[in-house]
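Right, one structure below, let's go through it.
Number of protein chains: 2
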Amino acid sequence: MTTDEMRMSRSRRRPVAGREQILSAARAIGVRHGWRAVTIRSVAHELGYASPLLYEHFRDKEDLLTQIAVEAIAMLENRLTENLPKDGNAAVLIMVERYWTFMLEHTQLYRLMNGMDGAPIDKDAVSRSAQNLCQVIGDTVQPLAGEGATAADGQTLADELWALLHGMAALHLDRFVPFELERVTNAALRLIGGARLVPKI
Amino acid sequence: MTTDEMRMSRSRRRPVAGREQILSAARAIGVRHGWRAVTIRSVAHELGYASPLLYEHFRDKEDLLTQIAVEAIAMLENRLTENLPKDGNAAVLIMVERYWTFMLEHTQLYRLMNGMDGAPIDKDAVSRSAQNLCQVIGDTVQPLAGEGATAADGQTLADELWALLHGMAALHLDRFVPFELERVTNAALRLIGGARLVPKI
DNA sequence: AGATATAATCTATCGTCGATAGAATTGCAA
DNA sequence: TTGCAATTCTATCGACGATAGATTATATCT
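Chains A and B are the protein sequences, given in the same order. Using the numbering used here, you'd call the opening residue of the first sequence number 153 and step up by one each time. Using the numbering used here, you'd call the opening residue of the second sequence number 153 and step up by one each time.
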């Protein structure tokens, strides 16, 4: 074999395995077949590599899945905040709707980032991202906390709104208690509106 | 034939000894070290048996864990309903407090029955038990739904209350957003009280 | 170009898991 | 006792996560 031939074959060699490819493959498998189906071997096989390759880019399986979860949270945060109107009332309504839609459209990602599957994830890392997300909700909800409300009050209300949204999502996904979007926004308004003890809408 | 019948009936009168032991051992390991630590082998070892014995009493690991989850739900249901006062307002407050206390005192069982761990469980079976539990909440909440409220209205409100409680519990356990009991009852009352303030669309 | 160092990837393997087959054991009945 | 059936075991399978060490490919330097 001549040198040129060797160079040709080498240059046609598949590209170097990258962290991003691995993440994409794992995410694709998880979204399609659930996170149980995401094994070191299945991801490597999807990419045409041997399994140990993944350990060049990720400490272990938990590291890989945690990265996917953190990116999903960032994605949700972007969805929630982009082009959000200034008006507090409208903003909250839109945010609730966007949260619910994200959950429906990215069910598996939602389950992963909320630890609703068996997938091993670093709860501390995910929690940091999630708290950051919650602060965004807090900023939006803040104006509705009342007249002399502090930032802490806004955050308090945001925590509870977040809890309600996640609770309804969890029941919707796990328990076959189907909630319509309208019921979700309705309940959210009731929870928030009750804070001022003033009827809303 | 007579022999077979006798043996059948005798074995039915004394069904396979050990099912209860297995459940207890598995539950004990799960409560102490998390459901990840509950393996067919660890349970069998705790009992001093060989692993395959467990398959005489349970179809598979999921069957075993599902049974524990269903019993946990029944336990919660008993806690919620025993000696509940007739007065609707007081009953709801007590129920919320009992729910929260159960979650704090039986964290691992709560996580298992809500699928918050990797533990493989039969979601359909658990869901049936959970819906039954939710109906109990519905009966209690019913009087608070309003003047001309139907049973469906009570159930609707119960679903949302349930969602709020579980959402706050999930955030409390997973996300390091600590909620005090007072905040939980407070939010619950706001959600329910708002039902009479916000007109339904 | 050839030699060499570094990076990239592979093969082989370990220990653990859930699960099953089939053998060994026990206990009761005729 | 003999024999059947319930009970429990040993041995094993395939899949998993993970690691060690060999192997190959690329870059660098003469």
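Note that beta-carbon positions come from the ideal geometry of N, C-alpha and C, so glycine has one too.
I need the DSSP call for residue i, collapsed to helix, strand or coil.
i	result
His185 (chain A)	helix
Glu234 (chain B)	coil
Thr253 (chain B)	helix
His209 (chain A)	coil
Gly170 (chain B)	coil
Gln240 (chain A)	Looking at the sequence shown, residue 240 (chain A) is not Gln but Gly. If DSSP states are grouped into helix, strand and coil, Gly240 (chain A) belongs with the helices.
Val195 (chain B)	helix
Ala202 (chain B)	coil
Leu349 (chain B)	Legend: pLDDT at Leu349 (chain B) = 42, less than 50; position of this residue unreliable, value from coordinates given subsequently. Note: Leu349 (chain B) maps to coil in three-state DSSP.
Val248 (chain A)	helix
Val222 (chain A)	helix
Arg179 (chain A)	helix
Leu216 (chain B)	helix
Between residue i and residue j, how many whole angstroms is the CB-CB distance? I'm expecting something under 8 angstroms.
i	j	result
Leu261 (chain B)	Val183 (chain B)	7 angstroms
Gly270 (chain B)	Arg188 (chain B)	6 angstroms
Ala322 (chain B)	Ala242 (chain A)	Going by Cβ atoms, the distance from Ala322 (chain B) to Ala242 (chain A) rounds to 28 angstroms, so no, they are not a contact pair.
Leu325 (chain A)	Glu249 (chain A)	The Cβ separation is near 17 angstroms, so there is no contact.
His197 (chain A)	Arg171 (chain A)	Not a contact, Cβ separation roughly 18 angstroms.
Leu206 (chain B)	Ile181 (chain B)	With a Cβ gap of about 13 angstroms, Leu206 (chain B) and Ile181 (chain B) do not count as contacting.
Gly300 (chain A)	Gly290 (chain A)	Not a contact, Cβ separation roughly 17 angstroms.
Do residue j and residue i come within 8 angstroms of each other at the CB atom, strictly closer than that value?
i	j	result
Trp314 (chain A)	Cys286 (chain A)	yes
Leu264 (chain A)	Ala224 (chain A)	yes
Ser281 (chain A)	Val222 (chain A)	yes
Thr218 (chain A)	Ala277 (chain A)	yes
Arg327 (chain A)	Ser176 (chain B)	no
Pro295 (chain B)	Gly345 (chain B)	no
Ala339 (chain B)	Leu343 (chain A)	yes
Leu316 (chain B)	Leu316 (chain A)	yes
Ala178 (chain A)	Leu228 (chain A)	no
Val293 (chain A)	Ala304 (chain A)	no
Ile273 (chain A)	Glu312 (chain A)	no
Arg211 (chain B)	Ser203 (chain B)	no
Gly319 (chain A)	Gly319 (chain B)	yes
Can you pull the chain B neighbours of residue i, defined as C-beta to C-beta under 8 angstroms?
i	result
His318 (chain A)	Gly319, Ala322, Leu323
Pro295 (chain A)	Result: empty, since nearest Cβ-Cβ is about 18 angstroms, beyond 8 angstroms.
Met328 (chain A)	Just to set this straight, residue 328 (chain A) is Phe in the shown sequence, not Met. Neighbours of Phe328 (chain A) on chain B, chain order: Ser279, Gln283.
Find the residues of chain B that neighbour residue i, judging by a C-beta separation of less than 7 angstroms, and give them in chain order.
i	result
Arg250 (chain A)	None at all; the shortest Cβ gap to chain B is about 17 angstroms.
Ala315 (chain A)	Leu316, Gly319, Met320, Leu323
Gly267 (chain A)	Met268, Asp326
Just the chain A side, please: which residues come within less than 8 angstroms of residue i by C-beta, in chain order?
i	result
Phe254 (chain B)	Near Phe254 (chain B) there are no residues of chain A at all, since even the closest Cβ is about 16 angstroms away, more than 8 angstroms.
Pro272 (chain B)	Gly270
Gly306 (chain B)	Under the 8 angstroms cutoff, chain A gives no residues; its nearest Cβ is about 14 angstroms from Gly306 (chain B).
Whose Cβ in chain A lies nearer than 7 angstroms to the Cβ of residue i?
i	result
Ala339 (chain B)	Glu312, Leu343
Residues of chain B with CB under 9 angstroms from residue i, in chain order?
i	result
Lys213 (chain A)	In chain order: nothing, as chain B lies at least about 12 angstroms away.
Taking C-beta pairs closer than 9 angstroms, name the residues in chain A that residue i reaches, listed in chain order.
i	result
Lys275 (chain B)	Asp326, Arg327, Phe328
Ignoring anything shorter than 4 residues or poking outside the segment 286-341 of chain B, list the alpha helix (DSSP H) runs there in chain order.
-> 303-326
Which runs of the alpha helix (DSSP H) spanning at least 4 residues fall entirely within the segment 256-284 of chain B, listed in chain order?
-> 259-265
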